[in-house]
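There are 2 protein chains.
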Amino acid sequence: MAANSQFSMAVHVLTMLARAGDDNVKSDYIAASVNTNPVVIRRILSQLNAAGLVSSQTGAFGGTRLAKPPAEISLCSIYKAVSCGEVFALHAKSPNQDCPVGRGIESVLCNLQKEIEKSVGEKLGQYSLATVIDMVSVAHA
Amino acid sequence: MAANSQFSMAVHVLTMLARAGDDNVKSDYIAASVNTNPVVIRRILSQLNAAGLVSSQTGAFGGTRLAKPPAEISLCSIYKAVSCGEVFALHAKSPNQDCPVGRGIESVLCNLQKEIEKSVGEKLGQYSLATVIDMVSVAHA
DNA sequence: TGTAACTGTATCAAATATAGTTACAAATAT
DNA sequence: ATATTTGTAACTATATTTGATACAGTTACA
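Same order as they appear, the protein sequences are chains P and E. Quick note on this note's numbering: the first sequence kicks off at 1185 and runs consecutively. Quick note on this note's numbering: the second sequence kicks off at 1185 and runs consecutively.
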């Protein structure tokens, strides 16, 4: 397994939290739905917490809940919260600087990369967690 | 090395070819600029050839050249030619189908994924290889 | 205050993808 | 014929992601 599915898992996790309202949800419970290990969930929750999207409580009867209403959580903020890779990677090894193309291509690709990321962010920003919840409801209705 | 840099390398390769005009360019020559192994370049050229963007000649004095003018090669067609991964991956393991969220989330994410890919394609389609060549020229001017 | 139930995180193993390398058959200009 | 080049298979090395175990720290509650 190498393809980064953290965004997908994060959306799943947040959808679970949204449906629980103000109740604390345990990582074990979420893990059972995502079909993975609780630690994997806690790692994602840790990133979502750092981004201010959720808040967690340790200790007995602890767990995690949303830090704001689903309508205020855009998919863009989720995407940024979990450190996914870029849409495309730049050269692994720096190109030959003795070649005019090798010398100039990196910055061009870097700028392009930023623009694409921005475009993806804007597209994702058109949707919120609330949108996803509606879609999930419709999907299995 | 795991991040997929094939798109970046493909743009680099095609830029080299564009600058050579109608001359055949050898994979060794391109590899020297990209700073990698010729076989890596030939693998990319193989994909670009399958997409009809370049044409190659085997044998002595063989090599590769563009199959059409740089202005007619959009970055979208390059992106599609090299099999990059998606912007984000779906769940590695299928979610728990006994959970309403697990049952509905996959198709929602799949549709979202398609929409994002489409958006990326449109953005990349705004640029052509000719644009990149201009940018590279300006960058090291 | 003790106990049970959580999170947070370190650490390791397993699986997988990418890139790099070597090798060689097939093709082709001279 | 020969030298040169592509096309591709096979293998290695490396990085990343996920999954799993373990345990310290925190907290509610009897």
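We put the beta carbon where it would ideally sit given N, CA and C, even for glycine. Predicted, not measured: the structure shown is a model, and the values here were computed from it.
Shorter than 7 Å from the beta carbon of Ser-1267(E) to some beta carbon of chain P?
-> Mapped onto the second sequence, residue 1267(E) falls at position 83. With 7 Å as the cut-off, Ser-1267(E) does not count as an interface residue toward chain P.
Residues of chain P with CB under 7 Å from Arg-1227(E), in chain order?
-> Working through the second sequence from its first residue, we reach residue 1227(E) at position 43. Near Arg-1227(E) there are no residues of chain P at all, since even the closest Cβ is about 14 Å away, more than 7 Å.
To which residues of the same chain is His-1196(E) closer than 6 Å at the C-beta, ignoring the five residues directly before and after it?
-> Walking along the second sequence from the start, residue 1196(E) turns up at place 12. Cβ within range, chain order: Val-1218.
Name the residue from Val-1223(P), Ala-1234(P), Val-1238(P) and Asn-1188(P) whose alpha carbon lies nearest to the alpha carbon of Met-1200(P).
-> For the purposes of this step, residue 1200(P) is identified with residue 16 of the first sequence, where counting begins at 1. When only C-alpha atoms are compared, the closest one is Val-1238(P).
With Ser-1267(E) as the anchor, note down where its alpha helix (DSSP H) starts and where it stops.
-> If you number the second sequence from 1, residue 1267(E) lands on position 83. Careful: Ser-1267(E) lies outside any alpha helix (DSSP H) and carries neither H nor E.
Tell me, which residues are paired with Val-1209(P) by DSSP?
-> Here residue 1209(P) refers to the residue found at position 25 of the first sequence. BP columns for Val-1209(P) point to Thr-1248(P).
If we ignore side chains and look at the alpha-carbon of each, how far apart do Val-1322(P) and Leu-1296(E) end up?
-> Counted from its first residue, the first sequence places residue 1322(P) at position 138. Counted from its first residue, the second sequence places residue 1296(E) at position 112. Taking the straight line joining both Cα atoms gives about 15 Å.
Apart from the five residues on each side of it in sequence, which residues of its chain come closer than 7 Å, Cβ to Cβ, to Gln-1190(E)?
-> Indexing the second sequence from 1 puts residue 1190(E) at position 6. Around Gln-1190(E): Ile-1228, Val-1266 and Cys-1268.
From which residue to which residue does the alpha helix (DSSP H) around Gln-1190(P) run?
-> In the first sequence, residue 1190(P) corresponds to position 6, counting from 1. Segment 1190-1203, the alpha helix (DSSP H) holding Gln-1190(P).
Got a sec: is the Cβ-Cβ distance from Lys-1277(P) to anything in chain E below 7 Å?
-> The residue you call residue 1277(P) lines up with position 93 of the first sequence. Yes, Lys-1277(P) counts as interfacial toward chain E.
So which residues of chain P does Ile-1300(E) contact, with C-beta pairs closer than 8 Å?
-> The sequence position of residue 1300(E) within the second sequence is 116, counting from 1. Correct list: Val-1304, Lys-1307 and Leu-1308.
Can you list, in chain order, the residues of the stretch 1209-1234 of chain P whose Cβ is nearer than 7 Å to any Cβ on chain E?
-> Ala-1216, Ser-1217, Val-1218, Asn-1219 and Thr-1220
Going by DSSP, what residues sit across from Val-1238(E) in a beta bridge?
-> Residue mapping note: residue 1238(E) aligns to position 54 of the second sequence, counting from 1. In the DSSP output, where bridge partners are listed per residue, Val-1238(E) has Leu-1250(E).
Distance between Ile-1214(P) and Lys-1174(E) (C-alpha atoms, nearest Å) | In the structure as shown, chain E starts at 1185 and stops at 1325, and residue 1174(E) therefore has no counterpart that could be examined.
Three-state secondary structure (DSSP) at Ser-1312(P)?
-> On the first sequence, residue 1312(P) is found 128 positions in, with the first residue counted as 1. Reduced to three states, the DSSP call for Ser-1312(P) is strand.
Report all residues from its chain with a CB closer than 6 Å to the CB of Gln-1231(E); omit the five preceding and five following residues, and keep chain order.
-> Within the second sequence, residue 1231(E) is the residue found at index 47, counting from 1. Once the five neighbours on either side are set aside, the close Cβ partners of Gln-1231(E) are Ala-1265 and Val-1266.
Residues in the stretch 1283-1296 of chain P having any Cβ partner in chain E nearer than 7 Å | Cys-1283, Pro-1284, Val-1285, Gly-1286, Arg-1287, Gly-1288, Ile-1289, Ser-1291, Val-1292 and Leu-1293
Could you have a look at Ser-1258(E) and say whether DSSP puts it in helix, strand or coil?
-> Residue numbering aside, residue 1258(E) sits at position 74 when the second sequence is read from its first letter. Three-state result, Ser-1258(E): strand.
C-beta neighbour in chain P for Leu-1201(E), strict 7 Å | The sequence position of residue 1201(E) within the second sequence is 17, counting from 1. No, no contact with chain P.
Would you say Leu-1313(E) and Ile-1225(E) are within 7 Å of each other, going by their C-beta atoms?
-> By 1-based counting over the second sequence, the position of residue 1313(E) is 129. By 1-based counting over the second sequence, the position of residue 1225(E) is 41. Not closer than 7 Å, so no.
Can you tell me whether DSSP reads Gly-1288(P) as helix, strand or coil?
-> Counting from 1 along the first sequence, the entry for residue 1288(P) is found at position 104. Helix.
Of all the CB atoms in chain P, is at least one closer than 7 Å to the CB of Val-1155(E)?
-> The first residue shown for chain E is 1185 and the last is 1325, placing residue 1155(E) beyond what the model contains.
Residue-chain proximity (Lys-1187(E), chain P), Cβ-Cβ < 7 Å | Translated into the one-based positions of the second sequence, residue 1187(E) becomes position 3. Correcting the residue identity first, residue 1187(E) is Ala in this sequence and not Lys. Chain P contact via Cβ: present.
Would you say Phe-1191(P) faces chain E, with C-beta separation under 7 Å as the test?
-> Numbered from its first residue, the first sequence carries residue 1191(P) at position 7. At least one chain E Cβ lies under 7 Å of Phe-1191(P).
Pick helix, strand or coil for Ser-1278(P), following the three-state DSSP scheme.
-> For this step, residue 1278(P) is matched to residue 94 along the first sequence. Ser-1278(P): coil per DSSP, three-state reduction.
Pull up the CB-CB distance for Ser-1303(P) and Val-1304(E), whole angstroms please, since I reckon it's below 8 Å.
-> On the first sequence, position 119 is the one that residue 1303(P) refers to. On the second sequence, position 120 is the one that residue 1304(E) refers to. Confirmed, Cβ separation roughly 7 Å.
Can you give me the Cβ contacts of Ser-1211(E) inside the same chain, cut-off strictly under 6 Å, excluding the 5 residues immediately before and after it?
-> Position 27 of the second sequence, counted from the start, is the residue given in the question as residue 1211(E). Result list for Ser-1211(E): Pro-1222, Ile-1225 and Arg-1226, in chain order.
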